[in-house]
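The sequence shown begins at 1 in our numbering and counts up by one.
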Amino acid sequence: MNIETRVLQGDFDEVRTRRVVDAHSGLEGACLPILHALQEAFGYVDKRAIPIVADALNISKAEVHGVISFYHDFRGRPAGRHVLKLCRAEACQAMGVDALVDRLANLHGCNAGETSADGALTLDNVYCLGNCALSPAALIDGEPVGRLNETRLDAIVARCRGAVQ
Ligand code: FES
Numbered sequence: 001m002n003i004e005t006r007v008l009q010g011d012f013d014e015v016r017t018r019r020v021v022d023a024h025s026g027l028e029g030a031c032l033p034i035l036h037a038l039q040e041a042f043g044y045v046d047k048r049a050i051p052i053v054a055d056a057l058n059i060s061k062a063e064v065h066g067v068i069s070f071y072h073d074f075r076g077r078p079a080g081r082h083v084l085k086l087c088r089a090e091a092c093q094a095m096g097v098d099a100l101v102d103r104l105a106n107l108h109g110c111n112a113g114e115t116s117a118d119g120a121l122t123l124d125n126v127y128c129l130g131n132c133a134l135s136p137a138a139l140i141d142g143e144p145v146g147r148l149n150e151t152r153l154d155a156i157v158a159r160c161r162g163a164v165q
């Protein structure tokens, strides 16, 4: 059973969550390290972990939720098999990233902040990857890609879906 299936079925590994939380709760400013460790362990931060983190750090659930909301890297559910982080900042906008975002949604069924229905691709917005000279720029599974256009984007999506290109 993959992570997505377990989440949909409501599985939550409280024992393992508590183990991760306990391993980091003694650190200075432990909230962020704990959340990163949870995401590393499970691929996302389950909302049922929030009260456990809050209790361990003696802070409110709202504070933990606030940290999760502030940092866009934290996920509330597992990512797809591949993650495309597409830059939406100014240089990439000027070079047409919005049309690529529309293409991803309309042609490939992949909306920003979501995972495609087949679980192949999660699309995240990011704001400047420091690769403005090669805009529109993105990261696919952490690897930088630049000068994206419709052809290159379609090829990336096809690869993510297992099609040979
Ligand atoms: S604005 Fe997109 S990489 Fe800098």
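C-beta: ideal position from N, C-alpha, C; glycine also.
Distance cut-off 7 Å: residue i Cβ against heavy atoms of the ligand FES
i    : result
L129 : yes
A166 : In the structure as shown, the chain starts at 1 and stops at 165, and residue 166 therefore has no counterpart that could be examined.
A137 : yes
C160 : no
C31  : no
C110 : no
Burial state of residue i (16 or more Cβ within 10 Å)
i    : result
M1   : Caution applies to M1, whose pLDDT of 47 falls short of 50 and renders its modelled position unreliable; the value that the coordinates give is listed next. The residue in question, M1, is exposed, as its Cβ has fewer than 16 Cβ neighbours within 10 Å.
V97  : buried
E69  : According to the sequence as given, residue 69 is Ser; it is not Glu. Exposed, by the Cβ-count rule.
V15  : exposed
H24  : buried
T151 : exposed
Of the residues the options, the one placed nearest residue i, counting alpha carbons only
i    : options                : result
A30  : V64, L123, L129        : V64
A169 : I156, F42, E90, R152   : Lying outside 1 to 165, the shown extent of the chain, residue 169 is not represented and no answer is given.
D154 : N131, E114, T115, N106 : N106
M147 : P136, E14, D141        : According to the sequence displayed, residue 147 carries Arg and not Met. The shortest Cα separation from R147 among P136, E14, D141 belongs to P136.
A112 : D118, G119, D102, Y44  : D102
R81  : A158, E143, L27, G119  : G119
K85  : N125, V53, A54         : N125
G109 : R75, V157, D13         : V157
R75  : E40, V45, C132         : V45
N58  : V21, R77, C128         : V21
H36  : R159, R88, V67         : V67
G162 : L121, L27, L38, Q39    : L121
Endpoints, alpha helix (DSSP H) assigned at residue i
i    : result
D55  : 50-57
C31  : 31-42
K47  : Neither: K47 is in no alpha helix (DSSP H) and is coded neither H nor E.
A94  : 90-94
H65  : 61-70
R16  : 14-24
L100 : 97-108
Terminal residues of the beta strand (DSSP E) in which residue i lies
i    : result
D124 : 121-126
V145 : 143-145
C160 : Taken as a continuous stretch (DSSP letters only), C160 belongs to no beta strand (DSSP E), being part of the alpha helix (DSSP H) at 150-160.
S134 : Note that residue 134 corresponds to Leu in the displayed sequence, not to Ser. It is not in any beta strand (DSSP E) - L134 carries neither H nor E in the DSSP assignment.
Heavy atom of the ligand SAH within 7 Å of residue i beta-carbon
i    : result
G130 : Among the ligands present in this structure, namely the ligand FES, the ligand SAH is not found.
Residues sharing a beta bridge with residue i, DSSP
i    : result
C87  : V126
E114 : L123
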